[in-house]
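Participant: The listed protein sequences correspond, in order, to chains A and B.
Each number in my numbering comes from the position in the first sequence (counting from 1) with 43 added on.
Each number in my numbering comes from the position in the second sequence (counting from 1) with 320 added on.
Note that beta-carbon positions come from the ideal geometry of N, C-alpha and C, so glycine has one too.
Model, not experiment: these values are computed from the prediction.
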Amino acid sequence: MDGHFWAIVKRDIKLSWLGGSTSSMVVAFFIIVVTLFPLGVGPEQNMLARIAVGVIWVAALLSCLLSLDRIFQADFEDGTLDQYALGPLALETVVLAKALAHWVTTCLPLILISPLLGILMNLDDPAFLPLIYAMLVGSPALSLIGTIGASLTISLRRGGVLLSLLILPLYVPVLIFGVMSVESAVMVLDGNATMLILAAITLFSLAITPWASAAAVRLSLD
Amino acid sequence: MHKFANPARFLRISKMITPWCFFLTIVTMVAGLYWGLFIAPEDYQMGASYRIIFVHVPAAHLSEICYGFMAVASVVAIIWKHPLADQSARAAAPVGAVFTALALFTGSLWGKPTWGTYWIWDARLTSELVLLFLYFGYMAVWEAVEDRTKAARIAAIVALVGAVNLPIIKFSVDWWNTLHQPASLLRAGGAGLHPDMLWPLLTCILAFYLFFVTVVLWRIQSLIIRRQIRGLQIRLAEEERANG
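1. Measure from the C-beta of residue 124 of chain A to each C-beta in chain B and report whether the shortest distance is under 9 Å.
2. Spell out the partners DSSP gives residue 130 of chain A in its beta bridges.
3. Listed in chain order, which residues of the region 458 to 478 of chain B have Cβ atoms closer than 8 Å to some Cβ of chain A?
4. For the alpha helix (DSSP H) that contains residue 163 of chain A, what are its first and last residues?
5. What does residue 219 of chain A touch in chain B if you count any residue whose Cβ is under 8 Å from its own?
6. With DSSP as the reference, please indicate the residues paired to residue 363 of chain B in a beta bridge.
7. How about residue 88 of chain A and residue 165 of chain A: do their beta carbons lie closer than 9 Å?
8. Specify, as a first and last residue, the run of the alpha helix (DSSP H) that residue 48 of chain A falls within.
9. Within its chain, find whatever has a CB closer than 6 Å to the CB of residue 182 of chain A; leave out the 5 residues flanking it on each side and keep chain order.
10. Quick check on the DSSP output: the alpha helix (DSSP H) that includes residue 425 of chain B runs from which residue to which?
11. Quick one: what does DSSP say residue 528 of chain B is sitting in, helix, strand or coil?
12. Classify residue 558 of chain B as helix, strand or coil using the three-state DSSP reduction.
13. Chain B beta carbons: is any one of them nearer than 9 Å to that of residue 90 of chain A?
14. Considering only residues of the same chain and omitting the five flanking positions on each side of residue 355 of chain B, which have a CB-CB separation below 7 Å?
15. Show which residues of chain B have a CB atom less than 7 Å away from the CB atom of residue 258 of chain A.
16. Suppose you measure from the CA of residue 405 of chain B to the CA of residue 474 of chain B; what does that come to, to the nearest Å?
17. Counting only C-beta atoms, is residue 480 of chain B closer than 9 Å to chain A at any point?
18. Give the residues of chain A in contact with residue 485 of chain B, contact being defined as C-beta atoms less than 7 Å apart.
19. Return the chain-ordered list of same chain residues with a C-beta closer than 7 Å to the C-beta of residue 438 of chain B, the five sequence neighbours on each side being excluded.
20. Among the residues of its own chain, which have a CB less than 6 Å from the CB of residue 446 of chain B, if the five just before and after it don't count?
21. Taking the alpha carbon of residue 154 of chain A as the point to measure from, which residue in A:197, A:173, A:255 has its own alpha carbon closest?
22. In the region 443 to 519 of chain B, which residue ranges form an unbroken alpha helix (DSSP H) of at least 4 residues, counting only runs that do not cross its ends?
23. Could you work out which residues of chain A lie near residue 445 of chain B, taking near to mean beta carbons separated by less than 8 Å?
24. If you measure from the beta carbon of residue 75 of chain A to each beta carbon in chain B, is any gap under 9 Å?
25. Along the chain, which unbroken stretches of the alpha helix (DSSP H) at least 4 residues long are found entirely within the region 373 to 408 of chain B?
26. On the three-state DSSP scale, how would you describe residue 339 of chain B?
27. Can we count residue 178 of chain A as close to the ligand FAD, meaning its CB is less than 8 Å from some heavy atom?
28. From residue 554 of chain B to residue 203 of chain A, what distance separates their C-alpha atoms?
29. Are any of the Cβ atoms in chain A nearer than 9 Å to that of residue 489 of chain B?
30. Measure from the alpha carbon of residue 365 of chain B to the alpha carbon of each residue in B:380, B:435, B:488, then state which is nearest.
31. Please identify, using Cβ separations under 8 Å, the residues of the region 177 to 192 of chain A that lie next to chain B, in order along the chain.
32. Do residue 146 of chain A and residue 186 of chain A have their C-beta atoms closer together than 9 Å?
33. If you follow the alpha helix (DSSP H) that residue 118 of chain A is in, where does it begin and where does it stop?
34. Give me the chain A residues within the contact set of residue 419 of chain B, using Cβ-Cβ distance strictly less than 7 Å, ordered along the chain.
35. Please confirm if the region 100 to 108 of chain A is in contact with the region 116 to 133 of chain A, defined as three or more CB-CB distances below 8 Å between the two stretches.
36. Taking Cβ-Cβ distances shorter than 9 Å, what residues in chain A pair up with residue 521 of chain B?
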């Protein structure tokens, strides 16, 4: 059981390393989106510092969204997903393994590069650590919720736009508490209540999303 | 419940009900709106501009009720595979989206004279806007998926996921807003509405409910008929191919 789980995780990570550089493209997209904001709102240092956390979070959401369709798409096309459905592992667990692999290959690089973007956006020094901490806590929810959208749109030819339409409203809570936990950590407000809520959202999506995604995978395999 | 699962029987019964619903909708709508817009007294602070609540509050209320209806219908569709349940949810979605848009529109019309701006990022406005996006997503599924049965099941999952998320979204938007600006603009729920205003408001809400029932029944009927037409067309094409 455990062996199968880690085998899927390892396989997906390996495929992402070998099969082209999707991870690095997502990171490049992340950097470019953040770069657009100073060009759009002007290079004023104070303003950039004020919007930095929000911009980095929004860019992270978009980059994550961009990579969601490859969670199941390739496996659906070459029949691997059918093998998973027949295999010993419950599809719910397969979904969890896929979400974990997606987090490692997409969200983790984003988190690692985000201090650099913080420098570009003139982020206040005390906000760097809380930003990384909040992204570590909140980003698993992005991958998990993302699996719902990815699994619902597997069998669609042009699922990309529909995927964004379905998933972005669901990302709203993560965005709100992701940004707010950094701000309140900097201002030393309310201890870490918002960070705990962010963690609660992640745990809640961990509990709920595998069922929804597995149901969606099953019906696209019919 | 399964007594109404037969589309033909549903069509027969609903065709008997809808004219009455339609009639009652017209009566209560005219009565409620006339009562609210012309008879009810003016507000001592806002003057006549408050009268938009007779459209705004029912629309906002129905926008949430409608999503709840879709969620319940989707549960029924998933668990019992009830053939009319997903058609009901599908029929209700555009109605709910229009209610949501109407609530946002009337709200911003009211906001201009009262707050001095058409839009503020108030918690309720924001969560209503997100609700509108959820409706769009649900409707887009029916547009995007060609296989009807598959579309029905995907849409049901989408509606349920949205229904689970709605309270969370509402909660986070509330929290976000109270930190960003004090909630001084909206007094909590207009506490203690005067009976002279309350009764026309309740009449309008009833009218909107009846309107909702009427339109959704109509839309379900037309969805069923459209499916029957499609079935006939397919059969016709098969016969033509067999003959020719």
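Facilitator: The short version:
1. no
2. The partner list for residue 130 of chain A (beta bridge, DSSP) is empty, contrary to what the question assumes.
3. 460, 461, 464, 465, 470, 473, 474, 477, 478
4. 151 to 163
5. 492, 493, 495, 496
6. B:367
7. yes
8. 45 to 61
9. 150
10. 405 to 435
11. helix
12. helix
13. no
14. 520, 523
15. 477
16. 14 Å
17. yes
18. 213
19. 428, 431, 432
20. 493
21. A:173
22. 443 to 464, 468 to 500
23. Those within 8 Å of residue 445 of chain B in chain A number zero; the least Cβ separation is about 14 Å.
24. no
25. 373 to 400
26. helix
27. Among the ligands in the structure shown, none appear at all, so the ligand FAD cannot be discussed.
28. 31 Å
29. yes
30. B:435
31. 191
32. yes
33. 116 to 120
34. The contacting residues do not exist; residue 419 of chain B stays about 17 Å from chain A at best.
35. no
36. In chain order: nothing, as chain A lies at least about 30 Å away.
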